[in-house]
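As they're listed, the protein sequences go chains A and B. Convert by adding 672 to the 1-based position in the first sequence; the result is the number in the numbering used here. Convert by adding 672 to the 1-based position in the second sequence; the result is the number in the numbering used here.
There are 2 protein chains.
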Amino acid sequence: MAIGIKVSPNKAFYLKDPQETTLGKKIIKESILLIDEIGFEDFNFKKLAVQMESTEASVYRYFENKHMLLIYLVSWYWEWVSYLMEVNTMNIKDSKEKLKLIIRTLVYASKDNAAIEFVNESVLHRLFIAEGTKAYHRKTVDQENKEGFFLNYKELVQKIADVILEIKPKFPYPHALATELFEMANNHIYFAQHLPRLTDVEVVGEDYSEVDEMIEYFAFKLLA
Amino acid sequence: MAIGIKVSPNKAFYLKDPQETTLGKKIIKESILLIDEIGFEDFNFKKLAVQMESTEASVYRYFENKHMLLIYLVSWYWEWVSYLMEVNTMNIKDSKEKLKLIIRTLVYASKDNAAIEFVNESVLHRLFIAEGTKAYHRKTVDQENKEGFFLNYKELVQKIADVILEIKPKFPYPHALATELFEMANNHIYFAQHLPRLTDVEVVGEDYSEVDEMIEYFAFKLLA
DNA sequence: TCATTAATGATAGTATTGCTATTATACAGG
DNA sequence: CCTGTATAATAGCAATACTATCATTAATGA
């Protein structure tokens, strides 16, 4: 996300646009750090206010509750990855090469970058891996879906699916494969770090190359 | 799970074995129904007590908190699927046929069956699809993993991985593929029902056949 | 049959969470 | 300098997440 570019999550996510004010940006910045640190279950607006040296009431002026804040952050992540994908595949002609670069983007989403200064994308990536699915695994999913809460995810998947179809126009499951590539990237980074017997790859520090290799293997085997 | 067979989740999950008493069984039975109905976020022991016509304090004698109850239920599900897999592939010689039956089991886990009378496996399946990942996407995952909370999942994955290796001994990612088959089954049933643009399959009522077909396609393409 | 114990129910109470309301202060634009 | 807007400070309330105590019942067994 080049400097000056603004990520634009759905207006329905917030009561007041956090990107418009200093306090709002601080909420985004600090909530990412705090959720990453203590986990979404233990996170609340009181703790966030303390960490920000602001007040609970002020945070509530921006977001209805912590679920809406998570939706906002997760949506930001989807948009951010979409953007990275675009940038990284720009001017690439070969579809297979494009898919490789897409996979690399999904795995290494956090790659440092001239990004929005108040968002630590690397931490956001980790947050998404750990908490992302909680955004849509709720009883409210259908209503929220109607209101467009997950559009960014769908657009991301559509973009990947388009490339899949460029490679193999008759592939019967382009969206499902796109979704799986994205989910696999996140899942197997998490499994490698926390439940290693559920995977075959290792992650050492920031080195996700084995995950990248594996997903490439899966993708191209399926599209062979 | 033939009548008389007892599922045996880790003792560390509970304060007092719920399978040993009438009230305990009622907690299992009613909590599955209530979580399925209102979602895990809104679920609490007070509401469960009301639904059971018991008291909050009584529920707390069995489970430390709702997270531990979820771990118990999820673990039950993993064990139940493991058991079904065994039964369904018993006496099957051909490894490919075995994998097909395993996939069918993962997708149709809820298939009615001479099961434990106080657990509605069909509802448990739905609950797992919606809430399952919340059991291990928590800050406590490493500690809980050490205490063996996820052994049932690992054993399930190992069983599938063994069959994968029977089919293709040199397949480089047997555990990851096993995990993905399981995760895909759950994800795409959920996506088909709630976020259809993330997948290519349709689920109509209880008919998961398109999911089954798709996962078979993925698995055998990868093992070709 | 009585005494003992274990399980549950009934009730109460405390600390924290989730959220709303009110007023005061600061400070930015006209 | 005035006026509106954003934030801070504070309070408060209802719900949640437990814990403790005691009474009641059921089951066990001497």
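Ideal Cβ placement from N, Cα and C applies to all residues, glycine included. Keep in mind that this is a model prediction, so the values were computed, not measured.
query	result
CB contact below 8 Å: B/Met757 versus chain A	no
Residue range of the unbroken alpha helix (DSSP H) whose run includes B/Ser881	Ser881 to Leu894
Close beta carbons around B/Ile839, own chain, < 7 Å, minus the five adjacent residues each side	Ser767, Lys768, Leu771 and Leu895
Exposure of B/Ser680, with buried meaning 16 or more beta-carbon neighbours within 10 Å	exposed
Between the CA atoms of A/Val829 and A/Asp872 - distance to the nearest angstrom	25 Å
Sub-8 Å separation of A/Ala857 and A/Leu778 beta-carbons	yes
Between the CA atoms of B/Asn737 and B/Ile743 - distance to the nearest angstrom	10 Å
Three-state secondary structure assigned by DSSP to B/Val722	helix
Which of helix, strand or coil DSSP assigns to A/Val753	helix
Contact with chain A by B/Tyr845, beta-carbon distance below 8 Å	yes
B/Asp814 versus A/His866: straight-line alpha-carbon distance, rounded	6 Å
Per DSSP, the bridge partner or partners of B/Val876	B/Asp879
Given A/Lys826 as reference, the closest of A/Tyr749, A/Leu720 and A/Thr693 once Cα atoms are compared	A/Tyr749
Close beta carbons around B/Tyr734, own chain, < 7 Å, minus the five adjacent residues each side	Tyr686, Leu687, Lys688, Pro690, Gly696 and Ile699
Closer than 8 Å to chain A by CB, B/His797	no
Minimum Cβ-Cβ distance from A/Glu874 to chain B less than 8 Å	no
Cβ contact (3+ pairs, closer than 8 Å) linking the region 848-856 of chain B and the region 801-821 of chain A	no
Inter-residue spacing [alpha-carbon to alpha-carbon] between A/His860 and A/Leu796	17 Å
8 Å CB neighbourhood of B/Phe715 in its chain, flanking five on each side removed	Ser703, Leu706, Ile707 and Lys738
Listed by chain order, chain A residues near B/Ala802 by CB distance under 7 Å	His809
Cutoff 8 Å: A/Glu852 Cβ touching any chain B Cβ	yes
is_contact[B/Asn859, chain A] using C-beta, thresh 8 Å	yes
C-beta contact flag for B/Lys831 and B/Ser754 at 8 Å	yes
Within-8 Å CB hit, A/Ser881 to chain B	no
Anticipated Cβ contact below 8 Å, A/Glu874 with A/Glu882, distance rounded	6 Å
B/Met762, buried or exposed, once every other Cβ within 10 Å from all chains shown has been counted against 16	exposed
Closer than 8 Å to chain A by CB, B/Arg869	yes
Residues near A/Asn682 by beta carbon distance below 6 Å, same chain, minus five either side	Gly820
Limits of the unbroken alpha helix (DSSP H) element including A/Gln691	Where A/Gln691 is concerned, there is no enclosing alpha helix (DSSP H), given that its DSSP letter is neither H nor E.
Euclidean distance between Cα positions of B/Ile774 and A/Lys893	21 Å
Below-8 Å beta-carbon distance, A/Ala781 vs any chain B residue	no
Within-8 Å CB hit, B/Tyr749 to chain A	no
When A/Phe800, A/Thr693, A/Val759 and A/Trp752 are compared against A/Glu855, the one with the closest alpha-carbon	A/Phe800
Selection from A/Ile710, A/Ile764, A/Asn792 and A/Lys718 that minimises the alpha carbon distance to A/Leu745	A/Asn792
A/Ala781 and A/Leu741 closer than 8 Å at C-beta	no
Span separating the alpha-carbon of B/Glu709 from that of B/Met724	14 Å
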